[in-house]
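One structure is given here, and the rest of the page talks about it.
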């Protein structure tokens, strides 16, 4: 298995600047682009007094830019899990400002994040990320009020390493696409940490519709990060994209939907079990209806 990169080395590990990081339509962002865009945002963040910044993005590449910039700048990234202005205003005590790729008319500091072209080849130096650095997420508690969940970066790194060991060689040479948001832990783990740790190009847009999924180029193979709700809506009259690995989480996938999906994509799903509070606990390769869950190392249930 390819050795995984921890987040602290995503920018600084010795890799060529033309290493592909993400793509959208015909555009590709490289590691050189990422280093440049993160450095630019760090400069802007260092001029701001706020320490806690909410990340509200549609574009996953720009989300990664913001995530790395906040951590390398010594700030705290906060993932509210949505981009809704009304709710952001209600939650404004939870963060000092918002980083976004959209003009959000919220009542506080807003830094718009975009990718800018490099004028010439540049080298950048990034401050080390603190060993105790963490990402803050919010999930609905039983009362409906936002419930804070702290995720140390080193634990997310370790989780990506364990998942890479479990999924093994099946991931090699694939691109990562998803129908789940990276602002929630499942999407953060599988659409951001796993591909970045393994150097796999990721799709910068979320797949909202089955038609978008079916329209993926057949020049590549894909890891599809999905959910039972999306897989239930598959239209098998469409031409299936070349999916190498199918991951599903957010609820148990009914056996009927497992069979329906597998007959179309010709791949059985890997189901993921966990929560925002616990992270990934277990997984199972669902080629049988009663397949048992296998805990990740160190997990018991």
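In the UniProt record's numbering, the protein residues as written are 1 to 301. Ideal placement from N, C-alpha and C gives every residue a C-beta, glycine not left out.
Tell me whether the beta-carbon of residue i lies closer than 7 Å to the beta-carbon of residue j.
i	j	result
residue 38	residue 67	no
residue 76	residue 103	no
residue 192	residue 227	no
residue 106	residue 94	no
residue 13	residue 46	no
residue 2	residue 162	no
residue 31	residue 21	yes
residue 307	residue 133	A question about residue 307 goes unanswered here, because the residues of the chain that appear run from 1 up to 301.
residue 78	residue 159	no
residue 190	residue 225	yes
residue 111	residue 44	yes
residue 265	residue 240	yes
residue 195	residue 188	no
residue 81	residue 92	no
residue 139	residue 151	no
residue 113	residue 153	no
Buried or exposed, going by whether 16 or more other CB atoms sit within 10 Å of the CB of residue i?
i	result
residue 184	buried
residue 33	buried
residue 19	exposed
residue 171	buried
residue 7	buried
residue 142	Confidence is the limiting factor: at residue 142 the pLDDT is only 46, short of 50, which leaves the residue's position unreliable, though a coordinate-based value still follows. Per the 10 Å Cβ criterion, exposed.
residue 222	buried
residue 29	buried
residue 186	buried
residue 25	exposed
residue 4	buried
residue 285	exposed
residue 293	exposed
residue 60	buried
residue 70	buried
residue 274	buried
residue 208	exposed
residue 86	exposed
residue 283	buried
residue 261	buried
residue 62	buried
residue 342	No statement about residue 342 is possible, as the shown extent of the chain runs from 1 to 301 and does not include it.
residue 155	exposed
residue 295	exposed
From which residue to which residue does the alpha helix (DSSP H) around residue i run?
i	result
residue 319	Residue 319 lies beyond the range of the chain shown here (1 to 301); nothing can be said about it.
residue 64	60-72
residue 88	85-90
Which residues bound the beta strand (DSSP E) around residue i?
i	result
residue 109	109-112
residue 116	Where residue 116 is concerned, there is no enclosing beta strand (DSSP E), given that its DSSP letter is neither H nor E.
residue 24	20-24
residue 97	97-100
residue 77	76-79
residue 27	27-30
Could you tell me whether any Cβ in chain E is nearer than 7 Å to the Cβ of residue i?
i	result
residue 60	Absence of chain E from the displayed structure is noted, only one protein chain being present.
So is the beta-carbon of residue i under 6 Å away from any non-hydrogen atom of the ligand NAD?
i	result
residue 258	Absence of the ligand NAD is noted for the structure shown, with no ligands found whatsoever.
_Quick test of the definition: if touching needs 3 or more C-beta pairs under 8 Å, does the region 215-225 touch the region 112-121?_
These segments do not touch.
*Between the region 46-63 and the region 91-101, do three or more beta carbon pairs fall short of 8 Å?*
Judged by Cβ distances under 8 Å, the region 46-63 makes contact with the region 91-101, as three or more pairs qualify.
_Every unbroken beta strand (DSSP E) inside the UniProt domain "AMP-dependent synthetase/ligase" (137-290) [3 residues or more]_ = DSSP runs (the beta strand (DSSP E)) wholly in the UniProt domain "AMP-dependent synthetase/ligase" (137-290): 146-152, 175-178, 222-226, 243-248, 269-275, 279-285.
*the region 226-239 / the region 251-264 touching (three or more Cβ pairs under 8 Å)*: The region 226-239 makes contact with the region 251-264, as at least three CB pairs between them are under 8 Å.
*Could you say if the region 188-208 and the region 162-179 meet the contact criterion of at least three C-beta pairs nearer than 8 Å?*
Look at the beta carbons and you see the region 188-208 touching the region 162-179: at least three pairs across the two are nearer than 8 Å.
_For the structure I just gave you, are there three or more beta carbon pairs, one from the region 267-279 and one from the region 240-254, closer than 8 Å?_
Counting Cβ pairs under 8 Å, three or more are found: they touch.
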